[in-house]
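What follows is one structure encoded as structure tokens, with my remarks underneath.
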Amino acid sequence: EPEVTQTPSHQVTQMGQEVILRCVPISNHLYFYWYRQILGQKVEFLVSFYNNEISEKSEIFDDQFSVERPDGSNFTLKIRSTKLEDSAMYFCARTNEAFFGQGTRLTVV
Amino acid sequence: RKEVEQDPGPFNVPEGATVAFNCTYSNSASQSFFWYRQDCRKEPKLLMSVYSSGNEDGRFTAQLNRASQYISLLIRDSKLSDSATYLCVVNMASGGSYIPTFGRGTSLIVHP
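Residue numbers (our numbering), protein chains in the order written: chain L, 1 to 109; chain R, 110 to 221.
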């Protein structure tokens with residue numbers, strides 16, 4: 001059973017639409033990370049989230065991105081107005097040694 | 110200068126061979142070093158952490174050379190199932206904290 005479950009596994013959205021990617025940890029951890037991986041490229045850090053606050057964020061994590069832990073369990077990444085270049089795999093991970101979820105493949109058309 | 114550099118490969122080796130990968134990093138203030146493996150279109154999976162004294166886990170040995178700013182991974186007695194992309198990850202100092210920074214990965218193909 002995975003440590004971290006991500007939903008949906010694949011999402012197709014139209015450019016300009018908002019998407020919400022979800023991450024559900026099995027155990028009650030406080031520290032989480034979001035990464036993305038554009039097809040054929042390296043994994044890139046987006047943001048870390050500790051105890052319901054953003055701990056660190058990269059240059060990629062601009063105003064169109066936000067993270068929340070709305071119900072104390074699920075952990076969401078929202079992209080407000082998607083662009084074609086947002087198409088990628090998005091991984092959630094717990095702890096910095098990173099048990100990764102299986103990822104959400106986002107396709108923006 | 111790229112922050113974390115790896116030879117993309119592919120390294121094409123027969124079963125049973127020994128293969129070594131290196132990874133260099135640019136920031137001498139980095140701490141915490143890791144090797145992950147990633148299978149095609151799957152999530153990265155932690156293979157091992159890398160400690161200053163070096164560490165071994167079965168057929169896998171990792172080394173850290175802080176002076177030269179590189180880490181290495183040695184795989185002995187390669188198996189077909191070792192075929193994957195091996196990612197080097199360095200927690201790089203950034204404004205008082207540390208950011209996980211990935212290399213592009215080294216592709217390994219083990220053939221019969």
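Glycine residues also receive a C-beta, built at the ideal position from the N, C-alpha and C atoms.
Closest in alpha carbon position to residue 62 of chain L, among L/68, L/89, L/47, L/75, is L/47.
Residue 102 of chain L reaches chain R at 151, 152, counting residues in chain order whose Cβ is nearer than 8 angstroms. Counting only the Cα atoms, residue 31 of chain L lies some 16 angstroms from residue 66 of chain L.
Between residue 126 of chain R and residue 181 of chain R, the CB-CB gap reaches or exceeds 8 angstroms. Not a single C-beta of chain L is nearer than 8 angstroms to the C-beta of residue 218 of chain R. With 16 or more other CB atoms across the displayed protein chains lying within 10 angstroms of its CB, residue 191 of chain R is buried.
Taken through DSSP and simplified to helix, strand or coil, residue 86 of chain L comes out as helix. A contact between stretches requires three or more CB pairs, one per stretch, nearer than 8 angstroms, and the segment 158 to 176 of chain R fails this requirement with the segment 209 to 218 of chain R.
With its beta carbon less than 8 angstroms from one in chain R, residue 56 of chain L belongs to the interface. Taking 8 angstroms as the threshold, the shortest C-beta distance from residue 142 of chain R to chain L does not fall below it. Residue 39 of chain L carries a coil assignment under DSSP once its states are collapsed to helix, strand and coil. Residue contact with chain L for residue 214 of chain R: present (Cβ-Cβ distance below 8 angstroms to some residue of chain L). Linking residue 178 of chain R to residue 137 of chain R through their CA atoms gives a straight-line distance of about 7 angstroms. In this structure, DSSP gives residue 216 of chain R an extended state, which the three-state scheme calls strand.
When CB distances to chain L are screened at a threshold of 9 angstroms, the residues of the segment 199 to 210 of chain R falling below it are 200, 203, 204, 206, 207, 208, 209, 210, in chain order. The closest CA to that of residue 169 of chain R, considering only R/176, R/185, R/159, is found on R/185. Comparing alpha-carbon positions, the option among L/92, L/101, L/87, L/93 lying closest to residue 14 of chain L turns out to be L/87.
When the Cα atoms are used, residue 85 of chain L and residue 75 of chain L turn out to be separated by approximately 23 angstroms. Distance from the Cα of residue 108 of chain L is smallest, within the candidate group L/40, L/102, L/4, L/83, for L/83. Closest by C-alpha distance to residue 57 of chain L, out of R/123, R/114, R/203, R/121, is R/203.
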